[in-house]
Amino acid sequence: MKNGWEAVIGMEIHVQLSTNTKIFCACPTSFGETPNSNTCPVCLGLPGALPVLNWRAVELGAKAALALGLKINPVSVFARKNYFYPDLPKGYQISQYDKPFSSDGILTIMTAERDEQGRAKEWKPMQIRIIRLHLEEDAGKNVHEGLPEVDKYSYIDLNRAGTPLAEIVTAPDFRSSWQAYDYVNHVRRVLQWVGASDADMEKGNLRCEANVSVRKIGETGFRPKVELKNLNSVRFMQRAIEYEINRQIETYESGGQIKQETRLWDEKAGCTRVMRSKEEAHDYRYFPEPDLPPLIVSEEWIEQIKSEMPELPDDMRDRFMKEYGLSFADASLLVSEKSLAEFYEQTTKLSGNPRMTANFILSEMLRELNEASITAAESLLKPENLAELIKLREEEKINNNQAKEVLVEMFKTGKTASQVIKEKGYEQISDTSLIEKLIDEVIEKNPSQVEAYRQGNQKLFGFLVGQVMKASQGKANPKIVNELLKKKL
Amino acid sequence: MSEIRVEVERAIENAERLNGILNAFLTIDREYALRRVEKLEGADSHGKLHGIPIAVKDNICTSWTQTTCASRILSGYRPQYDATAVERLNKAGAVVIGKTNMDEFAMGSSNENSAFGLVKNPWDIERVPGGSSGGSAAAVAAGIVRVALGSDTGGSVRQPAAFCGVVGIKPTYGRVSRYGLVAFGSSLDQIGVLGKKVRDVAQVLEVISGRDEKDATSADVRVPEYLKLLDRDIKGVKIGVPRLLFSGGLDSEVKSAVEKAIEGFASLGTEIVEIDLPLLKYGIAVYYIIATAEASSNLARYDGVRYGFRAEGVNELRQMYYKTREEGFGEEVKRRIMLGTYVLSSGYYDAYYAKAQKVRTLLKRDFQAAFDKCDCIVMPTSPTTAFRIGEKTDDPLSMYLSDIYTVTANLVGIPAISIPCGVSKESLPIGLQILGKYWAEDLLLNLSNVYETAFPLDAKPKVHVQK
Ligand SMILES: [Zn+2]
Numbered sequence: 001m002k003n004g005w006e007a008v009i010g011m012e013i014h015v016q017l018s019t020n021t022k023i024f025c026a027c028p029t030s031f032g033e034t035p036n037s038n039t040c041p042v043c044l045g046l047p048g049a050l051p052v053l054n055w056r057a058v059e060l061g062a063k064a065a066l067a068l069g070l071k072i073n074p075v076s077v078f079a080r081k082n083y084f085y086p087d088l089p090k091g092y093q094i095s096q097y098d099k100p101f102s103s104d105g106i107l108t109i110m111t112a113e114r115d116e117q118g119r120a121k122e123w124k125p126m127q128i129r130i131i132r133l134h135l136e137e138d139a140g141k142n143v144h145e146g147l148p149e150v151d152k153y154s155y156i157d158l159n160r161a162g163t164p165l166a167e168i169v170t171a172p173d174f175r176s177s178w179q180a181y182d183y184v185n186h187v188r189r190v191l192q193w194v195g196a197s198d199a200d201m202e203k204g205n206l207r208c209e210a211n212v213s214v215r216k217i218g219e220t221g222f223r224p225k226v227e228l229k230n231l232n233s234v235r236f237m238q239r240a241i242e243y244e245i246n247r248q249i250e251t252y253e254s255g256g257q258i259k260q261e262t263r264l265w266d267e268k269a270g271c272t273r274v275m276r277s278k279e280e281a282h283d284y285r286y287f288p289e290p291d292l293p294p295l296i297v298s299e300e301w302i303e304q305i306k307s308e309m310p311e312l313p314d315d316m317r318d319r320f321m322k323e324y325g326l327s328f329a330d331a332s333l334l335v336s337e338k339s340l341a342e343f344y345e346q347t348t349k350l351s352g353n354p355r356m357t358a359n360f361i362l363s364e365m366l367r368e369l370n371e372a373s374i375t376a377a378e379s380l381l382k383p384e385n386l387a388e389l390i391k392l393r394e395e396e397k398i399n400n401n402q403a404k405e406v407l408v409e410m411f412k413t414g415k416t417a418s419q420v421i422k423e424k425g426y427e428q429i430s431d432t433s434l435i436e437k438l439i440d441e442v443i444e445k446n447p448s449q450v451e452a453y454r455q456g457n458q459k460l461f462g463f464l465v466g467q468v469m470k471a472s473q474g475k476a477n478p479k480i481v482n483e484l485l486k487k488k489l
Numbered sequence: 001m002s003e004i005r006v007e008v009e010r011a012i013e014n015a016e017r018l019n020g021i022l023n024a025f026l027t028i029d030r031e032y033a034l035r036r037v038e039k040l041e042g043a044d045s046h047g048k049l050h051g052i053p054i055a056v057k058d059n060i061c062t063s064w065t066q067t068t069c070a071s072r073i074l075s076g077y078r079p080q081y082d083a084t085a086v087e088r089l090n091k092a093g094a095v096v097i098g099k100t101n102m103d104e105f106a107m108g109s110s111n112e113n114s115a116f117g118l119v120k121n122p123w124d125i126e127r128v129p130g131g132s133s134g135g136s137a138a139a140v141a142a143g144i145v146r147v148a149l150g151s152d153t154g155g156s157v158r159q160p161a162a163f164c165g166v167v168g169i170k171p172t173y174g175r176v177s178r179y180g181l182v183a184f185g186s187s188l189d190q191i192g193v194l195g196k197k198v199r200d201v202a203q204v205l206e207v208i209s210g211r212d213e214k215d216a217t218s219a220d221v222r223v224p225e226y227l228k229l230l231d232r233d234i235k236g237v238k239i240g241v242p243r244l245l246f247s248g249g250l251d252s253e254v255k256s257a258v259e260k261a262i263e264g265f266a267s268l269g270t271e272i273v274e275i276d277l278p279l280l281k282y283g284i285a286v287y288y289i290i291a292t293a294e295a296s297s298n299l300a301r302y303d304g305v306r307y308g309f310r311a312e313g314v315n316e317l318r319q320m321y322y323k324t325r326e327e328g329f330g331e332e333v334k335r336r337i338m339l340g341t342y343v344l345s346s347g348y349y350d351a352y353y354a355k356a357q358k359v360r361t362l363l364k365r366d367f368q369a370a371f372d373k374c375d376c377i378v379m380p381t382s383p384t385t386a387f388r389i390g391e392k393t394d395d396p397l398s399m400y401l402s403d404i405y406t407v408t409a410n411l412v413g414i415p416a417i418s419i420p421c422g423v424s425k426e427s428l429p430i431g432l433q434i435l436g437k438y439w440a441e442d443l444l445l446n447l448s449n450v451y452e453t454a455f456p457l458d459a460k461p462k463v464h465v466q467k
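Protein chains in written order, with the working numbering: chain H, 1 to 489; chain S, 1 to 467.
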């Protein structure tokens, strides 16, 4: 950042909660259905229809809130946010306003600035204040493409209307675009982790907005902020924030002023453009939703949800480092996805070798998973089978290269380690009498080389080991071959 | 011909014939009603309302025929579903013969705000039937149906009941499901029942009451068998009479009729106690803030996008909204939308809406304190008898003030009933209102029934069906 300036960034994230049905009616939330087929009088906003809260949305909202370090409020109130738009059937959105479902969170994330190539410099923990997470319904969609006479008509698909959302709002605690980037990734991962949301930006079930302003270092107040929208991926978001920070600094430095406004990120052009000014901003006329009683949750219910929560990724990472002696980098990689972390832990418990387990998973298995684009949970390779392989390797029944090949085969076929080893003929020969027999044969067949070695040509030892290995079709345990050959010579 | 067919056909004929005079119905669906009769004739078991013809206010959704709320914006609109109350009526064997006229979106006290013409009072066709359930009240008063459904947001069942000399009850908020009742003021709206006789009202209320999964504000409170409790002895029941209430704009004839009715109750062995309701005078102000605020939001969905009326000749979204709502809504509805939008606007919210909610809470406390001293409270239903058509249309404020005795029951959420307690010199009926504790509809019906038996209303409206 330009000398003397700092950025002030606050984030708003909307995530779709993974319920099967909508938040205020029984319509399915399934994606990609025929337009307007997932609708009923309630989500169509027909006269006389009334909302009834889907309790599953509250449970998932609670899990999301707890995963982000928020406090769940015993009483929260739904409110109507009033505005006109064709994709908003009732003319208001049921949301929460002055009494949100959860508030006052402190979240620790890991963040790092990046070098020119986008590589992380140094990961450091950072505390973010999360102001609130509240529950609300999504709107429908206006469709402007692929339909007859789109120049004359707009089309509306209300399948998405009424889908449950959690809106997560932070304090303006971020000072760089990469911090915001790491924050959004953190939120995505923990929400997937606790099963609250698929948090897939491409499917639109995680959307974010950034409030960006800049100020001179040392200033304590805030300058006018700009709300950034149309941030369709985490990377776009980071670029948009970066652009906006620089635009604002340059504006101030050239004697200009920044107005409070909403701007859209144009990824193609690589810049932000004005969408609406503060003067055009809506007056949403929030008031308590009279159709829904206050949302009351008991202390026991919150405890129940807490007891159903899985260990969170950062806690798991720290524990892996402590319990299994893994490095920060390795442990972080292992907890990048929940089923991978669970796979690691199960395998380690069976193999008793946390180090070697981590190595196999982070090198061979992770590569295979990425290539196949699947998660550890979906893989044919099972923890007990990997553990078996690790044990066989530990006992030197196979060598390292063979083990890697076996793993790949197990990953592809779901076979056990011993099955694959047998098929590939990789059983190592450790039987000393058998190896001795092979050594005797090699000595007999290569009298001149043996003689030369005995005269002091050390290089020929390797040649002789090679001959023994060859005779065993590579199956002889090289360590034993070494020892016995030395003795015999 | 079966007995029920005779009765339903007679009701339909009377409805059709008298509609030329009264305009009480917006829809009379003979074909549907006769289909229902056929089904009922073949039925093995009889519900509690087997074959009883009934009229339903046109802001309660019926899937077989249009539900217009007497608004141009919903003209011809046919719902996809039946309101829960209608579903329960049908299940009990009732036959809905038609949908009744009303003030547009239930906003009004005279039924002059209907987009489809005003309703006339059967007692004097120069006068209004009251509102907003004016069509239901007129249909019952004229003897077309014994019972009708109405809705009551600030007196819309009780005031027309009083003006038309019939019984009308607004149940406790949450007693009857609002699912399918087109919303006006969601925290105030309740479906109510109008009838000639308390017994009929009790029967219908029993059928439509009770928890509904589709309405989160409907209460899980046991519904008593009202019919069985109608004839209980009312000796010793404490009836509260608010001091200082009988002043201001109260018509002297209404005043004396209500005082006589109180004496009548005393003669039946009840105990009359004086009570104080110091905040009652703020009711109108609080009501017109909360009701319009909620209405401004509830009516936002009528935007011409998905259903109902859409203005012609516009090619831009904002213009479509403006023109559709400009042409689709009547004056009173637009006035209330603007009022409600104003009181919720940023900068005004605290001074109006938030303050009104605080006074509402205080009003509830007022009533709680009063109910420590008595079992129910009586007062007039309306300060006057039915006024002349056109008399108040240019003065919305004086029209609003005619709701002065009725709005508090909605703000507090308690049940209230209006029963006839005499007629004026001009032969216009006068209504007595009884307000009860939460869920005490049984006592209100009991008191009303005992009173009705002891002091029956002899007079009859001029426009009435011949038996
Ligand atoms: Zn739905």
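Beta carbons are placed, not taken as given, at the ideal position from N, Cα and C, and that holds for glycine.
Values in this document were obtained by computation on a predicted structure and should not be read as measured data.
Could you tell me whether any non-hydrogen atom of ligand 1 is closer than 7 Å to the CB of residue i?
i	result
S/V37	no
H/K22	yes
H/C40	yes
H/G162	yes
H/C43	yes
H/C27	yes
Just curious, the beta strand (DSSP E) that residue i is in, first and last residue?
i	result
S/C164	First-last for S/C164: R158 to C164, but that is the alpha helix (DSSP H), not the beta strand (DSSP E).
H/A139	Careful: H/A139 lies outside any beta strand (DSSP E) and carries neither H nor E.
S/N113	Per DSSP, S/N113 belongs to no beta strand (DSSP E) and is neither H nor E.
H/E267	Segment: none, H/E267 is in no beta strand (DSSP E) and carries neither H nor E.
H/L228	V226 to L231
H/Y155	Y155 to D157
For residue i, which residues in the same chain have their Cβ closer than 8 Å to its Cβ, ignoring the five residues on either side in sequence?
i	result
H/L312	A67, V190, W193 and V194
H/D98	V77, A79 and Y286
Could you work out which residues of chain H lie near residue i, taking near to mean beta carbons separated by less than 7 Å?
i	result
S/A24	None at all; the shortest Cβ gap to chain H is about 22 Å.
S/Q203	Residues of chain H passing the Cβ test: none, with the nearest at roughly 24 Å.
Below 7 Å CB to CB, which residues in the same chain sit around residue i once its five sequence neighbours on both sides are set aside?
i	result
H/V481	I435, V465, V468 and M469
S/I414	T172, F367, L435, G436, K437 and Y438
In chain order, what residues of the same chain lie with their CB nearer than 6 Å to the CB of residue i, ignoring the 5 residues before and after it?
i	result
H/E368	F411
S/V254	P380 and I430
S/E452	V198
H/V420	V406, E409 and M410
S/V333	E104, F105 and M107
At what residues does the alpha helix (DSSP H) containing residue i begin and finish?
i	result
H/H186	S177 to W193
S/K364	K355 to F371
H/P354	P354 to F360
H/K470	K459 to A471
S/D442	E441 to A454
Taking C-beta pairs closer than 8 Å, name the residues in chain S that residue i reaches, listed in chain order.
i	result
H/Y92	S297 and A300
H/G61	Going along chain S, no residue has its Cβ under 8 Å from H/G61, so there is no contact; the nearest lies around 17 Å.
Going along chain A in order, which residues have a C-beta closer than 7 Å to the C-beta of residue i?
i	result
H/R56	Considering every chain present, this structure includes no chain A. Its protein chains are H and S.
Listing by chain order, which chain H residues have their CB less than 9 Å from the CB of residue i?
i	result
S/K214	V42, A49, L50 and V52
Which chain S residues sit within Cβ distance under 9 Å of residue i?
i	result
H/L292	A216 and T217
What residues of chain S sit near residue i, judged by a beta carbon separation below 7 Å?
i	result
H/N82	S297 and A300
H/P100	In chain order: nothing, as chain S lies at least about 18 Å away.
By the criterion of Cβ-Cβ separation under 8 Å, what are the contact partners of residue i in chain H?
i	result
S/T341	R285
Subject >> Given 8 Å, three or more beta-carbon pairs between the stretch 27 to 36 of chain S and the stretch 92 to 103 of chain S >> reply: Yes: at least three Cβ pairs fall under 8 Å.
**OP:** Please determine if the stretch 129 to 137 of chain H and the stretch 102 to 117 of chain H are in contact, where contact requires at least 3 C-beta pairs separated by less than 8 Å.
**Re:** Counting C-beta pairs with one atom in each stretch, the stretch 129 to 137 of chain H and the stretch 102 to 117 of chain H have three or more that are closer than 8 Å, which means they touch.
Subject >> Segment contact flag, the stretch 215 to 227 of chain H with the stretch 252 to 268 of chain H, C-beta cutoff 8 Å, min 3 pairs >> reply: Here the stretch 215 to 227 of chain H makes contact with the stretch 252 to 268 of chain H; the two share three or more CB pairs at distances below 8 Å.
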